[in-house]
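Taking it in order: structure first as structure tokens, then the write-up.
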Amino acid sequence: MKVVLHICCGVCAAGAAERLQAEGHEVIGFFSNPNIYPEEEYQKRLAVARETSRLLDFPLHEGSCRPEVWREKIRGWEDAPEGGERCEICFRIRLEETFSFMKERGADAFTSTLTISPHKSAEAIFRIGREIGGEKFLVRDFKKRDGYKRSLEIARERDLYRQDYCGCVFSKEKTQGREQVARSKEKNR
Ligand code: SF4
Numbered sequence: 015m016k017v018v019l020h021i022c023c024g025v026c027a028a029g030a031a032e033r034l035q036a037e038g039h040e041v042i043g044f045f046s047n048p049n050i051y052p053e054e055e056y057q058k059r060l061a062v063a064r065e066t067s068r069l070l071d072f073p074l075h076e077g078s079c080r081p082e083v084w085r086e087k088i089r090g091w092e093d094a095p096e097g098g099e100r101c102e103i104c105f106r107i108r109l110e111e112t113f114s115f116m117k118e119r120g121a122d123a124f125t126s127t128l129t130i131s132p133h134k135s136a137e138a139i140f141r142i143g144r145e146i147g148g149e150k151f152l153v154r155d156f157k158k159r160d161g162y163k164r165s166l167e168i169a170r171e172r173d174l175y176r177q178d179y180c181g182c183v184f185s186k187e188k189t190q191g192r193e194q195v196a197r198s199k200e201k202n203r
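Numbered according to the working numbering, the sequence shown terminates at residue 203, and the numbering increases by one at each position without gaps.
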């Protein structure tokens, strides 16, 4: 099957794409992440996703959803805990764009690297994927069968950049501390 794989970062993409290819699918990568803050981090993750796509020999496309659209959609949920409502909206925005891209490309199915993370609920991602695309959403929990471990192995072997926060400004603040993020915002003005 021709499967559009939503890619959140190159490291997660390595484990997920390798598994889909081993199942005999043709993978088309789709980097849709308007949540990633700041722009410099977005470019870094995109560059690693490109490296992974070269390494595993699949094409990679970039989404066009803008950060201001993402920000508007999560309005009111800025302080929600990680794994809560803000994250579900964030999954939905990215999976909706992936589903539209799948239809444009005439592919057979879509899925996401998001399930490879031990910090994300695969059940929530499956539910949202099914609500968006019905049977076209390919249910795969990429962390199973040591998928997460495998993506870390590939990252180590290839010396791929691994981020230490999920992606949005709120997750960055939580991991790195509000003061440090405020200082880097100041520096980037
Ligand atoms: S913590 Fe991650 S999944 Fe949740 S809103 Fe932020 S970037 Fe999206």
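Cβ atoms here follow ideal geometry from the backbone N, Cα and C, with glycine treated the same way.
Whole angstroms is fine: what's the gap from residue i's alpha carbon to residue j's?
i: Arg-141; j: Leu-34; result: 20 angstroms
i: Gly-43; j: Ser-185; result: 24 angstroms
i: Arg-108; j: His-20; result: 8 angstroms
i: Arg-144; j: Thr-125; result: 10 angstroms
i: Arg-59; j: Cys-22; result: 8 angstroms
i: Phe-151; j: Arg-119; result: 15 angstroms
i: Gly-181; j: Glu-54; result: 12 angstroms
i: Trp-84; j: Asp-122; result: 27 angstroms
i: Asp-160; j: Glu-65; result: 22 angstroms
i: Glu-37; j: Phe-105; result: 25 angstroms
i: Ala-169; j: Phe-115; result: 27 angstroms
i: Ala-61; j: Glu-149; result: 31 angstroms
i: Tyr-51; j: Glu-187; result: 11 angstroms
Going along the chain, which residues of its own chain have a beta-carbon closer than 7 angstroms to the beta-carbon of residue i, five neighbours each way excluded?
i: Thr-129; result: Ala-136, Ile-139, Arg-154, Asp-155, Phe-156 and Lys-157
i: Gly-147; result: Phe-113 and Phe-124
i: Glu-99; result: Trp-91
i: Phe-72; result: Ala-31, Val-41, Ile-42 and Gly-43
Leaving out five residues on either side along the sequence, give the residues of the same chain with a beta carbon under 8 angstroms from the beta carbon of residue i.
i: Tyr-162; result: Gly-29, Ile-130, Ser-131, Pro-132 and Phe-156
i: Cys-26; result: Thr-127, Leu-128, Ile-130, Ser-131, Phe-156 and Ser-165
i: Ala-94; result: Arg-100 and Cys-101
For the putative contact between residue i and residue j, defined by C-beta atoms under 8 angstroms, what is the C-beta separation to the nearest angstrom?
i: Val-17; j: Glu-40; result: 7 angstroms
i: Gln-190; j: Tyr-179; result: 7 angstroms
i: Gly-77; j: Phe-45; result: 6 angstroms
Based on the DSSP output, what are the partners of residue i in its beta bridges?
i: Ile-42; result: Val-18
i: Glu-171; result: Paired residues: none, contrary to the question.
Closer than 6 angstroms by C-beta to residue i: which residues in its own chain qualify, once you throw out the five before and the five after it? Chain order, please.
i: Pro-81; result: Pro-48
i: Ile-103; result: Lys-87 and Ile-88
Determine, using beta carbons only, whether residue i comes closer than 7 angstroms to chain C.
i: Glu-167; result: Here chain C cannot be found, since the structure has a single protein chain.
### Task
Go through the region 80-166 residue by residue and report every complete run of the beta strand (DSSP E) that reaches 3 residues or more, in order.
123-126
### Task
Please list the segments of the beta strand (DSSP E) lying wholly inside the region 22-74, counting only runs of 3 or more residues, in order along the chain.
Segments of the beta strand (DSSP E) lying fully in the region 22-74: 40-45.
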